[in-house]
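> Below is the structure I would like to discuss, written out as structure tokens.
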Amino acid sequence: METEAYAPDDPASHSYRGRTRRNAAMFGPAGRLYVYRSYGIHWCANVVCEADGVGAAVLVRALEPTAGIERMRERRGLEDVRLLCAGPGRLTEALGITGAHDGLPLDRCPFELRPAPRPVATHATTRVGITRAGELPWRYVLAGSSFPSRPRPRAVR
DNA sequence: GTATTGATCTTCT
DNA sequence: GAAGATCAATACA
Numbered sequence: 044m045e046t047e048a049y050a051p052d053d054p055a056s057h058s059y060r061g062r063t064r065r066n067a068a069m070f071g072p073a074g075r076l077y078v079y080r081s082y083g084i085h086w087c088a089n090v091v092c093e094a095d096g097v098g099a100a101v102l103v104r105a106l107e108p109t110a111g112i113e114r115m116r117e118r119r120g121l122e123d124v125r126l127l128c129a130g131p132g133r134l135t136e137a138l139g140i141t142g143a144h145d146g147l148p149l150d151r152c153p154f155e156l157r158p159a160p161r162p163v164a165t166h167a168t169t170r171v172g173i174t175r176a177g178e179l180p181w182r183y184v185l186a187g188s189s190f191p192s193r194p195r196p197r198a199v200r
């Protein structure tokens with residue numbers, strides 16, 4: 044899978060310019076979901092992090108489909124498993140995440156949080172898809188994962 | 001194969 | 001009025 048971190052003092056972060064109606068969930072308790080509308084048509088999902096209520100979150104950019112692949116295919120109308128969740132907008136559509144899930148706790152229905160079976164190794168790379176502070180190495184990809192959000196990620200490996 | 005554009009919401013200038 | 005943490009369809013080489 045693939046994630047990207049956004050800090051309160053990060054120019055690319057939605058929380059950078061203070062709290063708005065849209066990003067309110069970002070300032071809420073950690074462990075919740077922050078869903079926002081991107082370019083008017085897509086939803087993007089973030090996990091809110093503990094940051095003393097100043098607004099920090101991790102954007103889930105991509106993941107490797109493991110369970111419920113058939114339902115993802117139905118929702119996306121797509122065959123290729125590699126594209127089901129290869130990107131923030133694709134991922135939310137595949138999982139059925141919408142603005143209705145904004146601010147919901149991740150440890151309760153319809154979600155489930157589980158610790159990783161064992162420690163996972165990650166690669167830190169530069170962020171993508173943003174125009175400010177994109178050089179920060181705050182994008183994390185699971186080592187060995189072949190389900191990136193971009194066809195050819197410019198990994199710093 | 002790469003490049004450009006349309007869809008259309010929230011916030012910023 | 002413009003831009004953006006995007007995607008998919010179309011146009012071109």
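Counting from 1 along the first sequence, just add 43 to a position and that's the residue number in the working numbering.
Heads up, the beta-carbon is just placed ideally off N, CA and C, and yes, glycines get one too.
1) Along the alpha helix (DSSP H) that carries residue 155, what are the first and last residues, could you check?
2) To the nearest angstrom, report how far apart residue 157 and residue 101 are at their CA atoms.
3) Is there contact between the region 143-156 and the region 117-133, where contact requires at least three CB pairs shorter than 8 Å?
4) I'd like to know whether the C-beta atoms of residue 118 and residue 133 end up nearer to each other than 8 Å.
5) I'd like to know whether the C-beta atoms of residue 146 and residue 96 end up nearer to each other than 8 Å.
6) Count the C-beta pairs between the region 167-182 and the region 85-94 that are closer than 8 Å, then say yes if the count reaches three, no if not.
7) With a threshold of 8 Å, are at least 3 pairs of Cβ atoms found where one atom belongs to the region 46-64 and the other to the region 169-186?
8) Within a Cβ cutoff of 7 Å, which residues of the same chain sit near residue 185, ignoring the five residues on either side of it in sequence?
9) Please state whether DSSP places residue 102 in a helix, a strand or coil.
10) What whole-angstrom Cβ distance do residue 192 and residue 139 have, given they're in contact under 8 Å?
11) For residue 141, tell me which candidate among 58, 78, 68 and 69 has the shortest Cα-Cα distance.
12) For residue 197, which three-state DSSP category applies?
13) Please classify residue 182: does DSSP put it in a helix, a strand, or coil?
14) Hey, quick one: how far does the alpha helix (DSSP H) through residue 124 stretch, first residue to last?
According to the structure data:
1) In this chain, residue 155 is not harboured by any alpha helix (DSSP H), its DSSP state being neither H nor E.
2) 17 Å
3) The region 117-133 and the region 143-156 do not touch, with fewer than three beta-carbon pairs separated by less than 8 Å.
4) Contact flag unset, no.
5) no
6) No contact exists between the region 167-182 and the region 85-94.
7) yes
8) 44, 163 and 165
9) strand
10) Not really, about 19 Å apart at Cβ, beyond 8 Å.
11) 78
12) The predicted position of residue 197 is uncertain, since its pLDDT is 46 and thus under 50; a value taken from the coordinates is nonetheless stated next. Coil at residue 197, not helix or strand.
13) Correct three-state label for residue 182: strand.
14) 124-127
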